[in-house]
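Peer 1:
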Amino acid sequence: MISILQLKTTPCWCGISDLLAPPRPQPLTPKGEPLREATANFPVWFPFRGQGLGLGPLFLFLFFSNLLLAQQETPLTLRFENNSLPEAFQKISAAAGVEFSYDPSVLPKEKKVTATFERASLRQILDFLLKDTGLGYVTLGNRIIVKPRSELEPERPALFTFSGFIRDSLSGEELIGANVWETGEGRGCSSNEYGFYSLTLPQGDHFLKISYLGYQDKIFKVSFDRSRRFDFHLKPASGELALVVVTDSLQAQTGRNLGEASIPLAASGLLPTVLGEKDILKTLQLIPGVSSGADGLSSFGVRGGSPDQTLVLLDEAPLYNPTHLAGFFSVFNTEALKEMRFLKGAFPAQYGGRLSSVLEVFMKEGNANRFTTSGGIGLTSSRLQLEAPLFDKKGSVMAAGRRTYLDWFFKGKDGFHFFDGNLKGNVRLGEKDRLFVAGYFGRDVLRAGDDLSLNWGNATGTLRWNRLLDEKSFMNTSLIFSDYRFRVKTEKTNGGENNSGILNAHLKQTYRRYFNPRSTLTVGWSAILHRFKPGEYRNNFDELLRIPDRNALEAAVFASHEWQPVPWLEIQTGIRISNMTLLGTGEPFFFYDETGAQTDSVFFKKGERIVNYEGMEPRALLKFHAGRTTGFQLGYGRSYQYVQLAGNSVLNNPIDVWLPASPNIRPQIADQLDAGFFQQLFENRWDLSVEAFYKILQNQIEHRFPEVLLPSVDIESKLAFGTGRGYGVEVMLRKNKGRLQGWLGYAWAKHRRQFDQLNDGREFPARFDFTHSISAVGAYELGKKWTFAAVWTYRTGNPVTVPVGKYQFDNQEVVLFGPINGYRFPAYHRLDFSFTSQVQRGKYWESNWVLGLYNVYARRNPVFAQIEQDFDRPERVKINLIAPLLVIPAISWEFKF
Amino acid sequence: MHFKKLIFSGLAASLFFAACKKIAIEGQELEVYPIVVEAVMGNLAPVEVTLSRAVPFSQGDSIAPVFENATAVVVDGNGNSEALYQWESGRFSGEMTTQPGQTYMLRIQTEEGNFEAMAAAPSGLLAIDTVTFERHNDTTVTLRCHLVLPPSRPVYARVKVFIDGFLWENFFIEKTLEQQAGFTQEIELNYILPGAEATVEVVTMTKPAFEFYRAIGVNTLGNNFNPSNAKNPPTNLKGGAIGFFSASLADTTSLIIW
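Heads up: the protein sequence lines correspond to chains W and S, in order.
For the first sequence, this note's numbering assigns the number 8 to the initial residue and increments by one for each residue that follows.
For the second sequence, this note's numbering assigns the number 8 to the initial residue and increments by one for each residue that follows.
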């Protein structure tokens, strides 16, 4: 063993082994001159100075190798001819005046180098020589130390985090989904659903581009020298045609998730609609894979699913009937809305409880800087919205209302009208905390004389607390109430009043940790207490018949992780574990067999467990970026739905009954596989997306009988249960820039259901099965004053069941129906126009006009069908498709102060 | 103003419906039409089975013949069986009657296939206690039927009112949660002349049978249908036939209405 004191101090260009071996002859330059003594020019205080360089490479990790090596950037001209590495090092030493230290045993003996370098840097030559050898190097003055890479600790740059909120500079509203992009390395993030972002980058100066649809992009030079809170403010862009979501950030270009549809809220104002009523639900129907059940309806099905399979949230509160007038208008007053997010597949683990899609709508929070008002007056309704700052601009409030005046055209007590109101307020409690309160109330009122009145609608309330735990962590806690009620009253002697509804109390918490731009973790939990009131009937003699309530507790925990291990791959994984317990209400619960016969009746105390279901819902999404303009995605997700609508129609029938899973109704389950391809074209002027999906459904519900399902004690006995499957392809080509913007969407799909008790057990088309659907949407700026928009939609006709014969039974002639949904209405198509004037500005106000024409070429699309006998030929039965001539003009005036 | 609103409403409605176009579709037919089995048995009337076939609308007569070699057998839950007598092509009758709470199996063999169905008789009867009437004018009468509920719930029944042998009223009753022993059902009848004989028949049946007969009433030719949710009522027959086999308990009473 060699004592350290025996280490030689004479310079040598070898390394460790040289210290241990006898001295070798000094190397000579090609000219025969001895090499310069490679005495390290270390300061006096440098440790190990007296002991030579041998220990330096062992014990020193040089953090400025790049910097030092940069000093060696004098161009070199060298030629290697089948030289071994030691020989090559020798040549470099001679030419560059550097010395090499290394352990000869680590050099690959068989490696021979033949190459010519002209005016190359030392770094380039060394990288070439050591390529594929597993060796690296560090520099120490004029000495280059060659070692295995595993022994070289790379320099870890310090990381710092910027976090905060992205806001509208005029109103102070948080912007959801705004992009923060580091232009150099192409890294970034988006603000979450509360406007919060967190970005961790290495120390140094970075250029950050902040962008959001409808706002002017901004680039900031930011010095990442410490972690700090920084809020960005963007100014609204004026005069931009806002029909599509456009952003140049790489993340948004090819990073949009599978199944996520991004149509800006402003589009619903530009596109033509029925009676000129802005309606985001009708705008959603222009996305491939989303379809309404009938002409003019706002209710919709997604990828063959029924309307109850879409989770509709307004500021986190679920809406069980998001339409007015049985589906003709939506409950969303666009004046009150800030943002909407729509997912039709591969939704993250934080969303659950529905099978087909998620529509999340956020209300505005109010202008935190000044008082503003806006509204509109249309043919059928008017709306008004107010915003104002609160608490010395530490908070704000927004209030909006809308009412129709359809009832003004009916005499007496006959008539129909609806109204709704939105309210939202918020206050900042210090730098880290913010409190929100939001509410919605809406009602439909229908009267027919003195005898009959119907009244239904939603009410919601949300109390939400946002907290920044630190610069990388965000937490949201929400307490939510939601109430849907339906009431029908008849004044006749044998009439009465029936009340039904569903009431929810919901508590949830979500925690998000932004580790770095490539890793984000989301965990959370939620608990919902449902109370279902199927019906409480009190006749005019004050006798009460009450269908037993149903109480259920639905809970879930979830975790998801977004990770980008390499720039071209993103992996999103998640797991949601859900559970539903049906609780007793102090009344008997009835059990039924598959024929509907009651098999048992058991009394359960209040809160006693009747049945419990649970489900494991894995979610996964892989995103491959092939360059800056192309992306591929693959996704899988399983979802459970514990609450379902026992409806029987494509209409949003207000008396449809919501039922929880029970011993008679198992939870619905969906497994969906998605694949997608995204391509940007012509410098983001166009983009193309192609998505394919395959889904399998279990425990689907249908009625066993032909009549309308009314609330009754034994409603669960009237249901049949089966399976479903669906598959299809959706293509969307969008034009994003220029005076003409819009998209062309096409979907091809097949959706089938199978029930042992129906259709002789044979498979049949689902209610929302439309083989082909096309939507062509465009908006064009006609000069400076007007924007013209057109929408053409086409889809395969509704599948329906038609009579095919008759038979005698019970002394009656009875209609025999053919296969369920075995016949198709004629194809549906329609063209709509609208003209929107550019905003006219006064000193304190803005206004614009919207003119529209619905169904321009007067296509007679069937709205419903009647089956009638031909009395001239009694043996014949005709199916009459009622197709009203619905060419509807629209005009409205909108203002903003 | 009131008059103007009325005119406007009327004009708007007229314009709307006048503009509606009816696109008639007809001629939808099946390749093969199913056999129809109507099998009933009661406590007051023995078992009867009718075989027929559904037909397309273009065929006038909806009763299609001929099942010469068909056989029908009923077996009760105690193993007692009876081969039914075919007294006319496709029509069978026997002597077995319904006992409360008993189950019955029907087996039919035809050249086109074999069919089988199980029926359960209700355990209790919705009995007629009293029937009274109140005449309001020359033609309108209200019948008041006091009915006694059996001990077990739920109870499903069908009420028929015959006037001089003609079916006048037909409706369904279901009692699920009611705890009282009886109730009064009022039935308003029109065009009843003095001296008419009214017969009230209350047929108590099981829930599947009740729902089937009610669905048959919905699908009666001449009613309006919604093609979005139209369907044939579920059958309890296995083998591909449509129809139903039911076992019921009936009570009946008659009175003269003055």
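Where is the CB? At the ideal position from N, CA and C, for every residue including glycine.
None of these values were measured; they are calculated from a predicted model.
I need the DSSP call for Y734 of chain W, collapsed to helix, strand or coil.
Peer 2: If DSSP states are grouped into helix, strand and coil, Y734 of chain W belongs with the strands.
Peer 1: For L576 of chain W, does the three-state DSSP call read helix, strand or coil?
Peer 2: Residue state, collapsed to three classes: strand.
Peer 1: According to the neighbour-count rule (16 or more other Cβ atoms, all chains shown, within 10 Å of its Cβ), is M347 of chain W buried or exposed?
Peer 2: Per the 10 Å Cβ criterion, buried.
Peer 1: Should E181 of chain S and P161 of chain S be called a contact, given that it needs their Cβ atoms to be closer than 8 Å?
Peer 2: Yes. Within cutoff.
Peer 1: When DSSP labels each residue in this structure, what does G382 of chain W get in the three-state scheme?
Peer 2: The answer is strand: DSSP assigns G382 of chain W an E or B state.
Peer 1: Tell me whether N73 of chain W is buried or exposed, calling it buried when 16 or more other Cβ atoms sit within 10 Å of its Cβ.
Peer 2: With a pLDDT of 40 at N73 of chain W, under the threshold of 50, the modelled position of this residue cannot be trusted; read the value that follows with caution. The residue in question, N73 of chain W, is exposed, as its Cβ has fewer than 16 Cβ neighbours within 10 Å.
Peer 1: Which first and last residues belong to the alpha helix (DSSP H) in which V62 of chain S is found?
Peer 2: From DSSP, V62 of chain S is part of no alpha helix (DSSP H); its letter is neither H nor E.
Peer 1: Is the separation between the beta-carbon of V225 of chain S and that of V138 of chain S shorter than 8 Å?
Peer 2: Result no, Cβ atoms of V225 of chain S and V138 of chain S do not sit closer than 8 Å.
Peer 1: Can you grab the Cα-Cα spacing for the pair A699 of chain W / R759 of chain W, in whole Å?
Peer 2: Each residue's Cα considered, the two are about 17 Å apart.
Peer 1: In whole angstroms, give me the CA-to-CA distance for R494 of chain W and P670 of chain W.
Peer 2: Their backbone Cα atoms lie some 28 Å apart in a straight line.
Peer 1: Could you tell me the distance, in whole angstroms, from the CA atom of G542 of chain W to the CA atom of G731 of chain W?
Peer 2: Computed Cα separation, rounded: 30 Å.
Peer 1: Out of W:Y861, W:F904 and W:P806, state which residue places its alpha-carbon closest to the alpha-carbon of G849 of chain W.
Peer 2: Taking only the C-alpha atoms, the option nearest G849 of chain W is W:F904.
Peer 1: If you drop the 5 nearest sequence neighbours on each side, which residues of the same chain put their C-beta closer than 6 Å to that of A407 of chain W?
Peer 2: Closer than 6 Å at the Cβ level, and outside the excluded window around A407 of chain W, lie N340, E342, A343, Q392 and N429.
Peer 1: In chain W, what lies closer than 9 Å to A222 of chain S by C-beta?
Peer 2: Chain W residues near A222 of chain S: R711, F712, P713 and E714.
Peer 1: Could you name the residues of the same chain whose beta carbon sits closer than 7 Å to that of V319 of chain W, not counting the 5 residues immediately before and after it, in chain order?
Peer 2: Excluding residues within five positions, the ones whose Cβ falls inside 7 Å are P325, L326, P329 and L366.
Peer 1: Report back the beta-carbon spacing between G464 of chain W and F354 of chain W to the nearest angstrom; my notes put them in contact at under 8 Å.
Peer 2: At roughly 27 Å, the Cβ-Cβ gap does not stay under 8 Å, so G464 of chain W and F354 of chain W are not in contact.
Peer 1: Got a sec? Which residues, its chain only, sit under 8 Å from S261 of chain S by beta carbon, not counting five neighbours each side?
Peer 2: Hits under 8 Å: E204, A205, T206 and V207.
Peer 1: Using a 10 Å radius around the Cβ and a threshold of 16 neighbouring Cβ atoms, would you call Y109 of chain W buried or exposed?
Peer 2: With 16 or more Cβ atoms within 10 Å of its Cβ, Y109 of chain W is classed as buried.
Peer 1: Am I right that L576 of chain W and F631 of chain W are in contact with their C-beta atoms under 8 Å? What's the rounded C-beta distance?
Peer 2: Indeed, because the Cβ distance is near 6 Å, the residues count as touching under 8 Å.
Peer 1: Exposed or buried, which one is L69 of chain W when buried takes at least 16 other CB atoms within 10 Å?
Peer 2: Low per-residue confidence applies at L69 of chain W: pLDDT is 38, beneath 50, and the placement is therefore not dependable, though the value from the model is reported in the following sentence. That one is buried.
Peer 1: Using the Cβ count rule (16 or more neighbours within 10 Å means buried), how would you classify A188 of chain S?
Peer 2: So A188 of chain S counts as exposed.
Peer 1: Quick check on DSSP: helix, strand or coil for L51 of chain S?
Peer 2: The answer is coil: DSSP assigns L51 of chain S none of H, G, I, E or B.
Peer 1: According to DSSP, simplified to helix, strand and coil, what is V798 of chain W?
Peer 2: In this structure, V798 of chain W counts as strand in the three-state DSSP scheme.
Peer 1: Keeping to the same chain, check which residues put their C-beta closer than 8 Å to that of P1 of chain S; ignore five residues upstream and five downstream.
Peer 2: The requested residue 1 of chain S does not occur in the structure, where chain S is confined to residues 8 to 265.
Peer 1: Could you have a look at W852 of chain W and say whether DSSP puts it in helix, strand or coil?
Peer 2: Coil, per DSSP.
Peer 1: Examine chain W for any beta-carbon lying closer than 8 Å to the beta-carbon of Q192 of chain S, and answer yes or no.
Peer 2: No, no contact with chain W.
Peer 1: In the DSSP assignment, find the alpha helix (DSSP H) that holds V225 of chain S and state where it starts and stops.
Peer 2: First-last of the alpha helix (DSSP H) with V225 of chain S: K214 to V225.
Peer 1: Do T211 of chain S and L51 of chain S come within 8 Å of each other at the CB atom, strictly closer than that value?
Peer 2: In this structure, T211 of chain S does not lie closer than 8 Å to L51 of chain S by Cβ.
Peer 1: DSSP beta-bridge partners for E45 of chain S?
Peer 2: In DSSP, E45 of chain S forms a bridge with S:T57 and S:F251.
Peer 1: Please state the DSSP three-state secondary structure of E342 of chain W.
Peer 2: E342 of chain W falls in the helix class under three-state DSSP.
Peer 1: Are the beta-carbon atoms of G591 of chain W and F611 of chain W separated by less than 8 Å?
Peer 2: Yes, the pair counts as a contact, with Cβ atoms nearer than the cut-off.
Peer 1: If the cut is a Cβ gap below 7 Å, which residues of chain S does Y830 of chain W touch?
Peer 2: Chain S residues near Y830 of chain W: Q35.
Peer 1: Would K214 of chain S count as contacting chain W if we go by Cβ distances under 8 Å?
Peer 2: So, interface residue.
Peer 1: Spell out whether any CB of chain S is found under 8 Å from the CB atom of V720 of chain W.
Peer 2: Yes, contact with chain S.
Peer 1: Span of the alpha helix (DSSP H) holding E123 of chain S?
Peer 2: Premise fails: E123 of chain S lies in the beta strand (DSSP E), G120 to A127, not in any alpha helix (DSSP H).
Peer 1: Under DSSP, the beta strand (DSSP E) around K515 of chain W begins and ends at which residues?
Peer 2: Per DSSP, K515 of chain W belongs to the beta strand (DSSP E) from G503 to N523.
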